Amino acid sequence: MLQINYLRQNKEKAIKGLQKRHFPDAESKIEQAINLDDQRKKAQTALDNALSLSKQYANEIGALMKEGKKEEANQKKDAVATLKNETKQLQDGLIEVEKQLNELLYLLPNIPHESVPEGKTPEDNEVVLEGGTVPTLSAEALPHWELIKKYDLIDFELGNKITGAGFPVYKGKGAKLQRALVQFFLDEAEKAGYLEIQPPIVINKDSGFGTGQLPDKEGQMYYIPQDDLYLIPTAEVPITNLYRDEIIEKTALPIRNVGYTPCFRREAGSWGAHVRGLNRLHQFDKVEIVQIQLPEKSYETLLEMRNHVEKLLQKLQLPYRILRLCGGDMGFTSALTYDFEVFSAAQQRWLEVSSVSNFETFQANRLKLRYREEDKKTTLLHTLNGSALALPRIMAAILENNQEEKGIVIPEVLHYYTQFTYIGG
RNA sequence: AGAGGGAUGGCAGAGUGGUCGAUUGCGUCGGUCUUGAAAACCGAAGACUGUCACAGGUCCGGGGGUUCGAAUCCCUCUCCCUCUACCA
């Protein structure tokens, strides 16, 4: 959630920023927010004054009672009665204004960083750099959904049977390869200074609001009504929320956490032509890195995280490219996002495998996540996260790109974890 | 799941209707002393909101209520502890 004071002080910048996202009526929405905030302040002051007076009366009555002047005390009580009515009305008014203001602020996405390119669609994303080499496959090369059948690595039909579409069952070397990748990613993160966290994979409403999934993406999460809980769409949610309502000591920064969790996404409405095989699932595994950093250092950190992800792809010897997302394609809460895509050679498609973002204070504002400055004031921190990495599409790319006539070559860095070097043959 | 007890500032722990935002101890920070440190002594310090700055307001697990007045009374939810029962 954007800070209302930021909108006041940087109105023009905010309007331009929202326009970059093609957010409709940016100017009037921001003006409306500021107006509501003005009203809020007035209402708050009026209420405070009324409360202050009530307190004063209460103390006076207390003093009179002590002195045994019951008559006078009772007279005062009568005087307070009307004041109480007023107070109640002022309070209701304030609550209403606050509600309106919040509802409006919830709708406003984050202001994009100045380096975010103009544009509306994924085609407008800026390719920052490309790496690795795309293998030349034989004419008989198979897409991964054929390969996993051929070598019995993943079974979608079994998943259908016990759960439903989008919940695959990993078997044998398929399961092991996935586990090896997870372990590899975790170890790499740990080497880079991240503390491993194993969080719950169901979260409450407060956590959903804290990182911005609620109310924006209500329909995209699996919900358990009986207990009013949600299945996590990413480890970002529980891990970032660990620091909700915290004031962090400056010396503890940056906070680096890594977590491996399954992720659950309903993907309502996004099922279409390109979702065969592992390309899009309702449940998938992901290793997520999260950092909490001082505002002045967060873009340095973003780059550090980007480099970390890049190294993983290099070690796996996958062809990749890094995109800087344009204003129209960026997520609601992000100020700047780098997407990583790997080239899946048999499908001849780029697949998104990671998204690394700086949220600046957008999440921290709702999380009330702050640090203390030298002058004792508390200031909102910046939150960042990135996938490092999402498993299914990495699996898809490895299977497709490393296929040979008789089987699939396992990338060398994984041998230690898989205990096998080849699938098939 | 049943019975009972509890939730107060970084931690421990007082406070059961009237200046209590809260006694005290530990821890933290500053100072005196010391070559330096420890000890001792003196002092400072909660969060949020708000203001140019004051002032003012809110916060004693969450929510609601009683009262002129609530940390203190009532209702409700959540969590924790002990005992009993059950179970990966």
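The first sequence begins at 113 in the numbering used here and counts up by one.
Virtual Cβ for every residue (Gly too), placed ideally from N, Cα, C.
Computed from a predicted model, the values in this text were never measured in an experiment.
- For the 8 Å CB-CB criterion, ALA500 and PHE296 do not form a contact.
- DSSP lists TYR450, GLY498 as the bridge partner or partners of VAL468.
- Per DSSP, GLN332 is not a residue of any alpha helix (DSSP H), being assigned neither H nor E.
- Beta-bridge annotation (DSSP): GLU124 is not paired with any residue.
- When DSSP states are grouped into helix, strand and coil, PHE296 belongs to the helix group.
- When the five nearest sequence neighbours on each side are left out, the beta carbons in the same chain lying within less than 6 Å of the beta carbon of LEU307 are those of ASN369, in order along the chain.
- C-alpha of GLN131 to C-alpha of TYR432: approximately 31 Å in a straight line.
- Nearest neighbour of PRO229 by Cα position, chosen from GLY440, LEU503, ARG461, turns out to be GLY440.
- ILE522 is not bridged by DSSP to any residue.
- Among the bridge pairs identified by DSSP, LYS211 is matched with none.
- Between TRP257 and GLY389, the beta carbon gap of about 3 Å places them in contact (Cβ cut-off 8 Å).
- One thing to note: MET333 has its Cβ no nearer than 8 Å to the Cβ of ARG291.
- For LYS409, there is no enclosing alpha helix (DSSP H), as DSSP marks it with neither H nor E.
- Assigned with DSSP and collapsed to three states, GLU400 falls in strand.
- Looking at the DSSP output, VAL239 shares a beta bridge with LEU435.
- Each of LEU241, MET177, SER446 was checked against the Cα of LYS188, and the nearest Cα belongs to MET177.
- DSSP, read as helix, strand or coil, puts GLU358 in coil.
- The C-alpha of PRO407 lies about 6 Å from the C-alpha of LEU493.
- For the 8 Å CB-CB criterion, CYS375 and ASP236 do not form a contact.
- Under the Cβ criterion (8 Å, minimum of three pairs), the segment 335-343 does not count as touching the segment 446-460.
- PHE444 carries a coil assignment under DSSP once its states are collapsed to helix, strand and coil.
- In the structure shown, the three-state DSSP call for GLY231 is coil.
- Residues VAL402, GLN403, ILE404, GLN405, SER410, THR413, LEU414, MET417, VAL468, SER469, ASN470, PHE471 of the same chain have their beta carbon placed closer than 8 Å to that of LEU496, with the five preceding and five following residues left out of the count.
- Take the alpha-carbon of ALA138 and the one of LYS128: they are about 8 Å apart.
- Distance from the CA of ALA447 to the CA of ARG133, rounded to the nearest whole angstrom, comes to 11 Å.
- A straight-line Cα-Cα distance of about 35 Å links LYS480 and ASN171.
- Taking a 10 Å sphere around the C-beta of THR248, we find fewer than 16 other C-beta atoms and assign the residue as exposed.
- Going by C-alpha positions, GLY284 is about 48 Å away from GLU226.
- Non-local C-beta neighbours of LYS125 in its own chain, meaning closer than 8 Å and more than five positions away in sequence, comprise ILE223, ordered along the chain.
- Counting C-beta atoms within 10 angstroms of its own C-beta, GLU400 has 16 or more neighbours from the protein chains shown and is therefore classed as buried.
- Secondary structure at VAL246: coil, using DSSP grouped into helix, strand and coil.
- Our two residues, VAL209 and THR199, have alpha carbons roughly 15 Å apart in a direct line.
- Beta-bridge pairing by DSSP links TYR282 to ILE266.
- ARG478: member of the alpha helix (DSSP H) spanning 474-479, first to last residue.
- The alpha helix (DSSP H) runs of length 4 or more contained entirely in the segment 305-332 are, from start to end of the chain, 317-322.
- Distance between GLY443 and SER140, taken at the CA atoms: about 22 Å.
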